[in-house]
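Asks: Dropping a structure here in structure tokens format, bear with me for questions.
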Amino acid sequence: MEDFTHEVIIFFAIILTVAGLMTFIFHKIKQPLILGYLVAGIVIGPYGLKLVHMPEVLDASAEMGVLLLLFGIGLEFPLSKLRKLGLKTYAIIAIIELILMFGFSFLAGLIMGWSMMDCLFLGAALGSSSTVVIAKVLTGMGKMKDVSTTIMMGVLVVEDLAVVLILSILSSVVGTENIETITLSLTLGKILLFLFGAMLIGLAIIPRALNWASKERQGETHSEQDEVIMLTALGLCFGLSIMANFVGLSMAMGAFLMGIIVAESKVGESIHHNTSRIKEMFGALFFVSVGALIDITQFSTFIVPALVVIVIMVFGKVVGCSLGTRLVGYNLSVSLKVGMGLGQIGEFAFIVAKAGMDLGVVSDFLFPTIGVAVAITTIITPYLIRLSYKLEPDRWWQERKQRLKASS
């Protein structure tokens with residue numbers, strides 16, 4: 019037991035030291051920190067310096083990272099905020115984009131000779147963009163209050179909800195010889211029953227219980243009060259995750275739902291603040307574990323499909339999101355900013371790909387292919403967003419009409 023404890027401590031010392039060094043380097047060269055985590059994983063992983071000898075501990079840490087990441091996302095979007103975002107409008111944009119992404123992904127996968135499950139999981143992986151990357155770029159540009167930014171944030175919420183739902187469906191139907199209509203109907207019914215049941219019961223009890231607990235502990239120090247509430251919220255997060263898994267759904271869905279429920283309490287913002295550091299640590303371990311799974315020795319094998327995935331992603335997002343935004347009444351300039359701003363693969367892609375690997379239903383090349391595509395699209399995102407602000411197609415069109423009118 020003592021030897022195991024020592025190995026675990028050494029294991030975490032190596033991971034966090036290498037991750038810290040890589041993120042420092044990437045921060046200095048002004049690149050997203052997620053790339054630093056991925057590179058750290060590649061360095062210490064079985065295809066790099068082979069410093070990782072306890073993959074089971076890394077897997078457990080990665081699973082914790084997934085749950086805490088999704089719990090944190092849920093905390094950022096209480097129902098009151100979701101209503102203010104105008105989800106009906108953003109749902110139209112997201113649905114148009116998701117249909118196109120699934121269609122393009124499935125077609126490209128079939129052309130490359132991939133299996134049906136590879137195509138389905140690729141479509142799900144490409145369904146969501148990166149909230150972290152987009153928010154960081156737009157904050158740096160001082161564009162967080164722009165109309166296009168508000169639209170992007172709304173679409174990102176719908177995307178995340180849709181991908182969690184899609185992942186749960188895929189996780190439930192894998193292993194069947196034929197995915198029949200009745201199987202999908204039962205799976206969807208089970209998901210909706212769990213979703214609405216958890217939300218109705220949770221919203222009726224948990225926010226009030228947390229508010230009551232907060233009042234009961236008002237005589238204590240601020241630190242003690244925060245500690246008790248935070249631990250309670252984390253316990254609820256893992257509890258609903260286990261319940262979701264028990265009924266055959268993704269644990270990630272349970273964590274996400276509990277985040278939304280807890281956010282409705284008066285202490286939701288405090289819980290989000292106090293759990294953010296824990297989330298960041300385990301989130302970092304998740305991305306490091308993802309990097310460790312990328313087989314760089316087979317780079318020449320998956321670089322071509324990765325480039326195909328990148329083309330699909332950027333083209334599909336730009337066309338789908340721009341078209342959807344234009345159809346709901348926004349001008350060309352805003353539509354193009356939304357489309358180009360969302361033209362990268364989000365963190366959910368890793369969660370989806372890893373879920374497929376854990377279920378044993380996707381090919382080994384899918385994960386490293388997505389890994390390379392994520393890295394490249396993350397790097398080009400700042401340039402796409404800056405370009406979208408320079409194009410201004412509405413102004414160009416107006417100026418062209420004026421020139422034609424003057425010439426006639």
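Heads up: the sequence shown is residues 19 to 426, going by our numbering.
For each residue, glycine too, the CB sits at the ideal point set by N, CA and C.
Since the model is a prediction, treat every value here as computed from it, not as a measurement.
1. On the three-state DSSP scale, how would you describe Lys48?
2. Going by DSSP in three states, Gly277 sits in which element: helix, strand or coil?
3. Could you check what DSSP says for Ile28 in three-state terms: helix, strand or coil?
4. Spatial neighbours of Leu325 within its chain, please: C-beta separation below 6 Å, excluding the five flanking residues on both sides.
5. May I ask you to verify whether the region 155 to 164 touches the region 362 to 371, counting CB pairs closer than 8 Å and requiring at least 3?
6. Would you report the Cα separation of Phe89 and Met299, rounded to the nearest angstrom?
7. When you compare each of Lys161, Lys106, Arg226 to Leu177 by their alpha carbons, which one comes out closest?
8. I'd like to check one pair, Thr399 with Ile328: are the Cβ atoms closer than 8 Å?
9. According to the Cβ coordinates, are Ile330 and Ala126 closer than 8 Å?
10. Just reading off the alpha helix (DSSP H) that Phe383 is part of, what are its end residues?
11. Give a yes or no on whether 8 Å exceeds the smallest Cβ distance from Tyr407 to chain D.
12. When burial is assigned at 16 or more other CB atoms within 10 Å of the CB, is Thr35 buried or exposed?
13. Give the straight-line distance between the Cα atoms of Ile219 and Ala227, rounded to the nearest whole angstrom.
14. So, with DSSP's three-state summary, where would you put Lys233?
15. Check whether the region 291 to 305 and the region 75 to 93 are in contact - that is, three or more C-beta pairs closer than 8 Å.
16. Decide yes or no for the touch test of the region 357 to 368 against the region 334 to 341: beta carbon pairs closer than 8 Å, at least 3 of them.
17. Output the boundary residues of the alpha helix (DSSP H) element that contains Ile363.
18. Taking just the CA atoms, how far does Arg344 sit from Tyr255?
19. Measure the C-alpha to C-alpha separation of His24 and Leu211 and round it to an integer number of angstroms.
20. Measure from the alpha carbon of Phe22 to the alpha carbon of each residue in Leu51, Gly145, Tyr65, His71, then state which is nearest.
Replies: Short version:
1. If DSSP states are grouped into helix, strand and coil, Lys48 belongs with coil.
2. Under the three-state reduction of DSSP output, Gly277 falls in the helix class.
3. Three-state DSSP puts Ile28 in a helix.
4. Answer for Leu325: no residue qualifies.
5. Segments in contact, no.
6. Rounded to whole angstroms, Phe89 to Met299 spans 14 Å at the Cα level.
7. Checking the sequence shown, residue 177 turns out to be Glu, not Leu. That would be Lys106, whose Cα lies nearest to the Cα of Glu177.
8. No.
9. Between Ile330 and Ala126, the gap from beta carbon to beta carbon is short of 8 Å.
10. That residue, Phe383, is in no alpha helix (DSSP H); it is neither H nor E in DSSP.
11. The chain labelled as chain D is not found in the depicted structure, where only one protein chain is given.
12. Residue burial is scored here from C-beta neighbours: Thr35 has fewer than 16 other C-beta atoms within 10 angstroms and is therefore classed as exposed.
13. Cα to Cα, Ile219 sits roughly 12 Å from Ala227.
14. Under the three-state reduction of DSSP, Lys233 is assigned to helix.
15. Counting Cβ pairs under 8 Å, three or more are found: they touch.
16. At 8 Å Cβ cutoff, the stretches touch.
17. First-last for Ile363: undefined, no H or E at that position.
18. Residue 255 is actually Cys in this sequence, not Tyr. The alpha-carbon of Cys255 is positioned some 38 Å away from that of Arg344.
19. Going by the C-alpha atoms only, they are around 45 Å apart.
20. That would be His71, whose Cα lies nearest to the Cα of Phe22.
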